[in-house]
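Visitor: Have a look at this one.
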Amino acid sequence: MQFPPHASSFQIALPGWVAAELADVPDALPERQHRVALVNRLAARNWREGNGGPFAALVAEAETGRIVAVGVNVVLSTGITSGHAEVTALGLAQARLGRWNLGAEGMPEHELVVNWRPCVQCYGAAMWSGITTLALAGSGDEVEELTTFDEGPMPENWAGEFERRGIRVLDGLAKEDALAVFREYRAALDAGKITVYNAR
Ligand SMILES: [Zn+2]
Numbered sequence: 001m002q003f004p005p006h007a008s009s010f011q012i013a014l015p016g017w018v019a020a021e022l023a024d025v026p027d028a029l030p031e032r033q034h035r036v037a038l039v040n041r042l043a044a045r046n047w048r049e050g051n052g053g054p055f056a057a058l059v060a061e062a063e064t065g066r067i068v069a070v071g072v073n074v075v076l077s078t079g080i081t082s083g084h085a086e087v088t089a090l091g092l093a094q095a096r097l098g099r100w101n102l103g104a105e106g107m108p109e110h111e112l113v114v115n116w117r118p119c120v121q122c123y124g125a126a127m128w129s130g131i132t133t134l135a136l137a138g139s140g141d142e143v144e145e146l147t148t149f150d151e152g153p154m155p156e157n158w159a160g161e162f163e164r165r166g167i168r169v170l171d172g173l174a175k176e177d178a179l180a181v182f183r184e185y186r187a188a189l190d191a192g193k194i195t196v197y198n199a200r
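The UniProt record's numbering puts the first residue of the sequence shown at 1, with every later residue one more than the last.
This is how it looks when you write it as structure tokens:
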């Protein structure tokens with residue numbers, strides 16, 4: 001059998017509506033609250049568009065707020081289970097900058113902004129990306145209770161593990177707004193309108 005037998009690459013790509021959603025967003029959002037508000041807004045639209053779960057993320061320069069990349073959960077639209085918002089945003093940021101290390105010497109510091117605490121997969125992805133700040137709308141068990149997504153076996157001291165590696169964690173930046181998105185998602189779920197894609 002010749003290699004590759006079937007596929008030699010796969011793609012995690014943003015859906016087309018994201019560009020339209022960003023049309024009125026400036027290149028930089030100096031106020032962190034505005035960055036968090038943007039990920040909540042993208043998360044709210046993402047599940048309605050059928051791309052995946054109610055999750056969004058962005059990578060920005062921590063100081064200036066220049067947006068380097070955004071990501072949404074694209075598991076349903078791509079069929080790739082690793083296509084979470086954080087992985088998408090980090091990968092697009094690294095592709096744009098041509099650097100695997102977003103914290104490399106001579107670069108501005110970068111932060112990952114997410115509408116909820118990362119799952120066990122994205123915990124690792126965020127940790128290895130070179131970001132120096134993780135900014136979260138919220139964290140806690142509510143995401144699993146409301147959305148029914150399994151976030152995996154996160155260590156109890158997950159935030160401390162980031163801090164130990166020089167990654168500052170800012171939590172609870174817009175928790176109620178994030179929960180409002182999850183509640184709307186849950187209502188659609190209870191009405192049988194959407195798919196939750198936990199593989200097991
Ligand atoms: Zn994830």
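Even glycine gets a Cβ: it sits at the ideal position worked out from N, Cα and C.
The structure presented is a predicted model; accordingly, all values stated were derived computationally and were not measured.
Rounded to the nearest angstrom, how far is the Cβ of glutamate 156 from that of threonine 133, given a contact under 8 Å?
Guide: Counted from its first residue, the sequence shown places residue 156 at position 156. Counted from its first residue, the sequence shown places residue 133 at position 133. Not confirmed; about 22 Å, so no contact.
Visitor: Starting from the C-beta of arginine 165, find all residues in its chain whose C-beta is less than 7 Å away, skip the five residues before and the five after it, and write them out in chain order.
Guide: Residue 165 sits at position 165 when you count from the first residue of the sequence shown. Closer than 7 Å at Cβ, skipping near neighbours: Met127.
Visitor: Sorry if obvious, but does the Cβ on glutamine 121 come closer than 7 Å to a heavy atom of ligand 1?
Guide: Numbered from 1 along the sequence shown, position 121 holds the residue referred to as residue 121. For ligand 1, at least one heavy atom lies less than 7 Å from the Cβ of glutamine 121.
Visitor: Kindly give me the distance between the Cβ atoms of aspartate 27 and isoleucine 67, rounded to whole angstroms, as I take these residues to be in contact under 8 Å.
Guide: In the sequence shown, the residue the question calls residue 27 occupies position 27. In the sequence shown, the residue the question calls residue 67 occupies position 67. That pair is a contact at about 6 Å.
Visitor: Is any non-hydrogen atom of ligand 1 found closer than 7 Å to the C-beta of glutamate 86, if you look at the structure I gave you?
Guide: To locate residue 86, count along the sequence shown from 1; it is residue 86. Because some heavy atom of ligand 1 lies under 7 Å away, the Cβ of glutamate 86 counts as near it: yes.
Visitor: Among the candidates Val120, Ala43, Val75, Glu163, whose CA atom is the shortest distance from the CA of glutamine 11?
Guide: Here residue 11 corresponds to residue number 11 of the sequence shown, with the count starting at 1. The shortest C-alpha separation from glutamine 11 is found at Val75.
Visitor: Valine 25 and alanine 137: beta carbons closer than 8 Å?
Guide: By one-based count along the sequence shown, residue 25 stands at place 25. By one-based count along the sequence shown, residue 137 stands at place 137. Taking 8 Å as the Cβ cut-off, valine 25 and alanine 137 do not qualify as a contacting pair.
Visitor: How would you write the range of the alpha helix (DSSP H) that arginine 45 sits in, first residue to last?
Guide: On the sequence shown, residue 45 is found 45 positions in, with the first residue counted as 1. That run of the alpha helix (DSSP H) goes 32-49.
Visitor: Is it buried or exposed, tyrosine 123, if we count other Cβ atoms within 10 angstroms and call 16 or more buried?
Guide: Counting from 1 along the sequence shown, the entry for residue 123 is found at position 123. By the 10 Å Cβ count, tyrosine 123 comes out buried.
Visitor: Can the beta-carbon of threonine 88 be found less than 8 Å from the beta-carbon of valine 72?
Guide: Start at 1 with the first residue of the sequence shown, and residue 88 comes out as number 88. Start at 1 with the first residue of the sequence shown, and residue 72 comes out as number 72. Yes. Within cutoff.
Visitor: Determine which residues share a DSSP beta bridge with histidine 110 and list them.
Guide: Mapped onto the sequence shown, residue 110 falls at position 110. Looking at the DSSP assignment, histidine 110 forms a beta bridge with Glu61.
Visitor: Assuming asparagine 40 and valine 181 make a contact with CB atoms under 8 Å, what is their CB distance in whole Å?
Guide: For the purposes of this step, residue 40 is taken as the residue at position 40 of the sequence shown. For the purposes of this step, residue 181 is taken as the residue at position 181 of the sequence shown. Right, their Cβ atoms sit about 6 Å apart.
Visitor: Please name the residue, chosen from Pro108, Arg168, His34, Gly53, that lies closest to glutamate 184 on a Cα-to-Cα basis.
Guide: By one-based count along the sequence shown, residue 184 stands at place 184. Glutamate 184 has its Cα closest to that of Gly53, out of Pro108, Arg168, His34, Gly53.
Visitor: With H, G and I counted as helix, E and B as strand and the rest as coil, what does DSSP make of leucine 29?
Guide: On the sequence shown, residue 29 is found 29 positions in, with the first residue counted as 1. Coil.
Visitor: Assuming valine 120 is part of the alpha helix (DSSP H), what are its boundary residues?
Guide: Locating residue 120 in the sequence shown gives position 120, counting from the first residue. Run containing valine 120: 120-127, per the alpha helix (DSSP H) assignment.
Visitor: Over the uninterrupted beta strand (DSSP E) stretch that includes valine 72, give me the two end residues.
Guide: The residue labelled residue 72 in the question sits at position 72 within the sequence shown. 67-72 is the extent of the beta strand (DSSP E) around valine 72.
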